[in-house]
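Worksheet: the structure to be examined is printed underneath.
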């Protein structure tokens with residue numbers, strides 16, 4: 001299996017907000033603008049569900065099968081196409097000293113995975129970096145998550 005494509009970054013944002021943006025389907029276009037549409041178009045991701053997305057540059061939609069969601073820690077999903085499986089993880093960790101460490105990881109499995117990964121690496125890495133940067137801007141605009149039971153930041 002080829003080395004995964006990945007990007008890590010620190011965001012000066014509340015980890016709970018970052019996680020919420022990752023699993024809130026309606027928020028995806030704000031931080032992942034290549035998402036032109038999704039079905040369902042709202043709600044929170046949960047393990048076992050399928051979200052069908054279409055990128056603005058693609059005439060076909062892609063089913064994303066959610067493998068796991070861990071509260072405050074991110075999510076993982078996979079898609080299948082042409083004899084290959086793409087496994088993707090959006091990981092969130094509360095950083096020591098504040099903020100959030102985000103780690104996006106993509107792994108491709110299949111007969112041409114090595115070649116396809118090598119071809120995709122520069123573009124995918126750039127896309128990951130840009131999505132994480134946008135995620136940070138959106139999270140900063142949202143501000144800290146409020147615990148409505150106590151009226152204070154969570």
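Residue numbers (the UniProt record's numbering): 1 to 154.
For every residue, glycine included, the Cβ atom is placed at its ideal position computed from N, Cα and C.
Through-space distance from residue j to residue i, alpha-carbon basis
{"i": "residue 137", "j": "residue 76", "result": "22 Å"}
{"i": "residue 11", "j": "residue 52", "result": "28 Å"}
{"i": "residue 187", "j": "residue 72", "result": "Given that the chain is displayed from residue 1 to residue 154, the structure contains no residue 187 and the question cannot be resolved."}
{"i": "residue 31", "j": "residue 132", "result": "8 Å"}
{"i": "residue 108", "j": "residue 118", "result": "10 Å"}
{"i": "residue 56", "j": "residue 33", "result": "8 Å"}
{"i": "residue 48", "j": "residue 62", "result": "16 Å"}
{"i": "residue 103", "j": "residue 9", "result": "7 Å"}
Identity of the residue in the options nearest residue i by Cα
{"i": "residue 79", "options": "22, 72, 92 and 67", "result": "67"}
{"i": "residue 4", "options": "121, 141 and 135", "result": "121"}
{"i": "residue 58", "options": "69, 70, 36 and 65", "result": "36"}
{"i": "residue 128", "options": "81, 88, 116 and 139", "result": "88"}
Local conformation of residue i per DSSP, three classes
{"i": "residue 15", "result": "helix"}
{"i": "residue 29", "result": "helix"}
{"i": "residue 63", "result": "strand"}
{"i": "residue 114", "result": "helix"}
{"i": "residue 127", "result": "helix"}
{"i": "residue 89", "result": "strand"}
{"i": "residue 136", "result": "helix"}
{"i": "residue 141", "result": "helix"}
Endpoints, alpha helix (DSSP H) assigned at residue i
{"i": "residue 36", "result": "Unbroken run through residue 36 is the beta strand (DSSP E), 35-39; no alpha helix (DSSP H)."}
{"i": "residue 58", "result": "Segment: none, residue 58 is in no alpha helix (DSSP H) and carries neither H nor E."}
Sub-8 Å separation of residue i and residue j beta-carbons
{"i": "residue 125", "j": "residue 7", "result": "yes"}
{"i": "residue 24", "j": "residue 44", "result": "yes"}
{"i": "residue 96", "j": "residue 18", "result": "no"}
Limits of the beta strand (DSSP E) - the one that residue i falls within
{"i": "residue 49", "result": "Element bounds for residue 49: n/a, residue is neither H nor E."}
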